[in-house]
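Novice:
Chains as they are written, first to last, in our numbering: chain A, 75 to 319; chain B, 410 to 669.
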């Protein structure tokens, strides 16, 4: 059954960081020569197991430092797992941090092309999508200004507008919506909702429990890198409240 | 390797965008803008010319000293600017590396291509010099393209090493900017190669940049075609050097986002 095909599956997903004890070559060289330990290990993600079928959305909950961002980085395939596997099917639109690819000296329009290329859009597509991107971001008068003169709200609007110009198979969203004003937030959520209806898998990192409940079928609760819970959203939120109290 | 080049081709639009960013951002807030590309090397040429034209009056090729100098200096500046900028490029683009997935070597290539555009503009100076001194390049002039290809491959290899190592140890960029100063004086740019006694010539044999710059000069000033054996061994060396560098870079790539 196509509608139940698995889009994302984590098997014993583990991420360890080696924290260098010696930060510089000057410190490292003597330690290396005298065979001292040159790194400590930190387990950021410990044996995660979860899966999503097509159209299912996942909320990732956890306190600061529980490994949420690390997990998003692995899903965006920016970072590799140290052990275990993550299977992904489809095109990902990473929203990990909006405006990561923006260059302050370039204009909004130039940044659309740069950021679009980073997201893997072709120039032809971008030419076609440009009017939509600009109008959704409400930047009509400012699009030829350097991005460094933008307010943080304008920055966010442009970034969101580029990243969601095309419907991705998997949409990663990290907190970010908190920056925009209410009216724009509503607009973003509407667009996300529309994508969900067209079977996009949303993966949302948030502290807003109501948002998680209303947008996600599944919830993954992390605590210090360990998987506390994976399953139905309402129960997940309860579980999260239990550990935070 | 072929698969890697195909991946780069897939990302060519990103590459062009990054090159465009690299070139345009540099001159966006300057009044003279693109003139700096030419002013910079001209000024360096003038300084070196004023200082050294009195010391090294002779050179092996029967050409005026400014001509001799410009042929060595411009490719050298291209080499220095590409490598020093590449050493930094992964660190300055940390936000891209931790947020989006794409082949990281594109950042290095974009840097080199942007500097190459600068280099082509700076060749205008060389043309002006050749016109002023009424020097006509010899007929086997086209060899410069071969040596330029070698220089590109060697530069790309070294840049990949530097970019990768500097991501883990920031000391590399400082160390390299020290070393490249020394390298400049150990390369026959401001002086002809045979000014050094026979017993020191091995320094140049170990230095690919010496052979490359010597190659440019022979191609332009000499009536003999360059030594084919030297050319092929240089090409072979830089190709191997680049392949090893790319291999190392790709092996470390998956850890970039964790360390940058």
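Beta carbons: idealized from backbone N, C-alpha and C, even for Gly.
Which same chain residues end up closer than 7 Å to residue 136 of chain A when comparing Cβ atoms and leaving out the 5 residues on each side of it in sequence?
Specialist: Against the first chain, residue 136 of chain A aligns to sequence position 62. Beyond the five residues adjoining it in sequence on each side, residue 136 of chain A comes within less than 7 Å, by CB distance, of 142, 295, 296, 297 in the same chain, given in chain order.
Novice: Under the assumption that residue 218 of chain A contacts residue 164 of chain A (Cβ atoms under 8 Å), give the Cβ distance between them as a whole number of angstroms.
Specialist: Position 144 of the first chain, counting from 1, holds the residue named residue 218 of chain A. Position 90 of the first chain, counting from 1, holds the residue named residue 164 of chain A. Actually they do not touch by this definition, with Cβ atoms about 34 Å apart.
Novice: Do you know how far the Cα of residue 517 of chain B is from the Cα of residue 145 of chain A?
Specialist: Reading the first chain from its first residue, position 71 is the one you call residue 145 of chain A. Reading the second chain from its first residue, position 108 is the one you call residue 517 of chain B. About 27 Å.
Novice: Is it a yes or a no for the stretch 559–568 of chain B touching the stretch 647–656 of chain B, going by three-plus beta-carbon pairs under 8 Å?
Specialist: yes
Novice: For the stretch 652–666 of chain B, which residues have a CB atom closer than 7 Å to at least one CB atom of chain A, in sequence order?
Specialist: 663, 666
Novice: Between which two residues does the beta strand (DSSP E) carrying residue 115 of chain A extend?
Specialist: To locate residue 115 of chain A, count along the first chain from 1; it is residue 41. Counting along the chain, residue 115 of chain A sits inside the beta strand (DSSP E) bounded by residues 113–127.
Novice: Answer yes or no: does any C-beta atom of chain A fall closer than 8 Å to that of residue 509 of chain B?
Specialist: Residue numbering aside, residue 509 of chain B sits at position 100 when the second chain is read from its first letter. So yes, residue 509 of chain B belongs to the interface.
Novice: From what residue to what residue does the alpha helix (DSSP H) around residue 157 of chain A run?
Specialist: Taking the first chain and counting its residues from 1, the one referred to as residue 157 of chain A is at position 83. Segment 157–162 is the beta strand (DSSP E) holding residue 157 of chain A; no alpha helix (DSSP H) there.
Novice: Do three or more CB pairs link the stretch 433–453 of chain B to the stretch 608–626 of chain B at distances below 8 Å?
Specialist: No: fewer than three Cβ pairs fall under 8 Å.
Novice: Please return the same chain residues whose Cβ sits closer than 8 Å to the Cβ of residue 158 of chain A, not counting the five positions on each side in sequence.
Specialist: Counting from one through the first chain, the residue named residue 158 of chain A turns up at place 84. Answer for residue 158 of chain A: 84, 85, 86, 87, 88, 121, 122, listed in chain order.
Novice: When burial is assigned at 16 or more other CB atoms within 10 Å of the CB, is residue 75 of chain A buried or exposed?
Specialist: On the first chain, residue 75 of chain A is found 1 positions in, with the first residue counted as 1. Its pLDDT being 42, under 50, residue 75 of chain A is placed unreliably in this model, and the value from its coordinates should be taken loosely. Exposed, since its Cβ has fewer than 16 Cβ neighbours within 10 Å.
Novice: Could you check where the alpha helix (DSSP H) with residue 559 of chain B kicks off and where it finishes?
Specialist: For the purposes of this step, residue 559 of chain B is taken as residue 150 along the second chain, with counting starting at 1. First-last of the alpha helix (DSSP H) with residue 559 of chain B: 552–577.
Novice: How would you label residue 185 of chain A, buried or exposed, when you count the other beta carbons within 10 angstroms and need 16 or more for buried?
Specialist: One-based indexing of the first chain puts residue 185 of chain A at position 111. With a 10 Å radius around the Cβ and a threshold of 16 neighbouring Cβ atoms, residue 185 of chain A comes out buried.
Novice: Can you tell which of A:81, A:168, A:100 has the C-alpha that lies nearest to the C-alpha of residue 235 of chain A?
Specialist: Taking the first chain and counting its residues from 1, the one referred to as residue 235 of chain A is at position 161. The shortest Cα separation from residue 235 of chain A among A:81, A:168, A:100 belongs to A:168.
Novice: Taking C-beta pairs closer than 8 Å, name the residues in chain B that residue 151 of chain A reaches, listed in chain order.
Specialist: Here residue 151 of chain A corresponds to residue number 77 of the first chain, with the count starting at 1. Simply 510.
Novice: Which residues does DSSP pair with residue 278 of chain A in a beta bridge?
Specialist: For this step, residue 278 of chain A is matched to residue 204 along the first chain. In the DSSP output, where bridge partners are listed per residue, residue 278 of chain A has A:133, A:247.
Novice: Please determine, among A:243, A:242, A:244, A:215, the residue with the shortest C-alpha to C-alpha distance to residue 232 of chain A.
Specialist: Locating residue 232 of chain A in the first chain gives position 158, where the first residue counts as 1. Ranking A:243, A:242, A:244, A:215 by Cα distance to residue 232 of chain A puts A:215 first.
Novice: Assign residue 634 of chain B to one of three DSSP states: helix, strand, or coil.
Specialist: Taking the first residue of the second chain as position 1, residue 634 of chain B is located at position 225. When DSSP states are grouped into helix, strand and coil, residue 634 of chain B belongs to the coil group.
Novice: Hey, would you say residue 500 of chain B sits closer than 8 Å to residue 576 of chain B, going by beta carbons?
Specialist: Here residue 500 of chain B refers to the residue found at position 91 of the second chain. Here residue 576 of chain B refers to the residue found at position 167 of the second chain. Yes, Cβ-Cβ distance for residue 500 of chain B and residue 576 of chain B is below 8 Å.
Novice: Which class does residue 419 of chain B belong to by DSSP, given the choice of helix, strand or coil?
Specialist: On the second chain, position 10 is the one that residue 419 of chain B refers to. Looking at residue 419 of chain B - three-state DSSP - the assignment turns out to be helix.
Novice: Along the stretch 498–528 of chain B, what residues have a CB closer than 8 Å to any CB found in chain A?
Specialist: 504, 505, 506, 507, 508, 509, 510, 511
Novice: Could you tell me whether any Cβ in chain B is nearer than 8 Å to the Cβ of residue 312 of chain A?
Specialist: Counting from 1 along the first chain, the entry for residue 312 of chain A is found at position 238. It does not: the Cβ of residue 312 of chain A has no partner Cβ on chain B nearer than 8 Å.
Novice: Three-state secondary structure (DSSP) at residue 513 of chain B?
Specialist: Along the second chain, read from residue 1 onward, the residue named residue 513 of chain B stands at position 104. Of the three classes helix, strand and coil, the one that applies to residue 513 of chain B here is coil, per DSSP.
Novice: Counting only beta-carbon separations shorter than 8 Å, does residue 239 of chain A have a partner in chain B?
Specialist: On the first chain, residue 239 of chain A is found 165 positions in, with the first residue counted as 1. No, no contact with chain B.
Novice: Helix, strand or coil: how does DSSP classify residue 297 of chain A here?
Specialist: Within the first chain, the letter at position 223 stands for residue 297 of chain A. The answer is strand: DSSP assigns residue 297 of chain A an E or B state.
Novice: Once DSSP output is grouped into helix, strand and coil, what is the label at residue 81 of chain A?
Specialist: If you number the first chain from 1, residue 81 of chain A lands on position 7. Of the three classes helix, strand and coil, the one that applies to residue 81 of chain A here is strand, per DSSP.
Novice: Beta-carbon separation of residue 544 of chain B and residue 472 of chain B under 8 Å?
Specialist: Within the second chain, the letter at position 135 stands for residue 544 of chain B. Within the second chain, the letter at position 63 stands for residue 472 of chain B. Yes; because the gap between Cβ atoms is below 8 Å, this pair is in contact.
Novice: Taking the Cβ atom as the reference point for each residue, do residue 190 of chain A and residue 200 of chain A lie within a distance shorter than 8 Å?
Specialist: Numbered from its first residue, the first chain carries residue 190 of chain A at position 116. Numbered from its first residue, the first chain carries residue 200 of chain A at position 126. Going by C-beta atoms, residue 190 of chain A is nearer than 8 Å to residue 200 of chain A.
Novice: Given that a residue counts as buried once 16 or more other Cβ atoms are within 10 Å of its Cβ, and exposed if not, what is residue 226 of chain A?
Specialist: The residue labelled residue 226 of chain A in the question sits at position 152 within the first chain. Residue 226 of chain A comes out exposed.
Novice: So, at 6 Å on beta carbons, what are the nonlocal neighbours of residue 662 of chain B in its own chain, with the 5 sequence-adjacent residues on each side left out?
Specialist: Taking the second chain and counting its residues from 1, the one referred to as residue 662 of chain B is at position 253. Correct list, in chain order: 513.
Novice: Does the distance from the CB of residue 148 of chain A to the CB of residue 243 of chain A come in under 8 Å?
Specialist: Here residue 148 of chain A corresponds to residue number 74 of the first chain, with the count starting at 1. Here residue 243 of chain A corresponds to residue number 169 of the first chain, with the count starting at 1. Contact: no.
Novice: DSSP three-state label for residue 306 of chain A, please.
Specialist: On the first chain, residue 306 of chain A is found 232 positions in, with the first residue counted as 1. Of the three classes helix, strand and coil, the one that applies to residue 306 of chain A here is strand, per DSSP.
Novice: Compare the beta carbon distance of residue 82 of chain A and residue 177 of chain A with 8 Å and say whether it is the shorter of the two.
Specialist: Here the question's residue 82 of chain A lines up with position 8 in the first chain. Here the question's residue 177 of chain A lines up with position 103 in the first chain. Taking 8 Å as the cut-off, the Cβ atoms of residue 82 of chain A and residue 177 of chain A do not count as close.
Novice: For chain A, find out if any of its Cβ atoms is closer than 8 Å to the Cβ of residue 434 of chain B; answer yes or no.
Specialist: The residue labelled residue 434 of chain B in the question sits at position 25 within the second chain. Answer yes: the Cβ-Cβ gap between residue 434 of chain B and chain A drops below 8 Å somewhere.
Novice: Using 8 Å as the limit for Cβ to Cβ distance, is residue 423 of chain B near chain A?
Specialist: As a first step, residue 423 of chain B is located in the second chain; it is residue number 14 there, counting from the start. For residue 423 of chain B, the answer is yes, since a Cβ of chain A falls inside 8 Å of its Cβ.
Novice: Between which residues of its own chain and residue 188 of chain A is the CB-CB distance below 7 Å, once the five residues before and five after are set aside?
Specialist: The residue given as residue 188 of chain A occupies position 114 in the first chain. Closer than 7 Å at Cβ, skipping near neighbours: 175, 177, 180.
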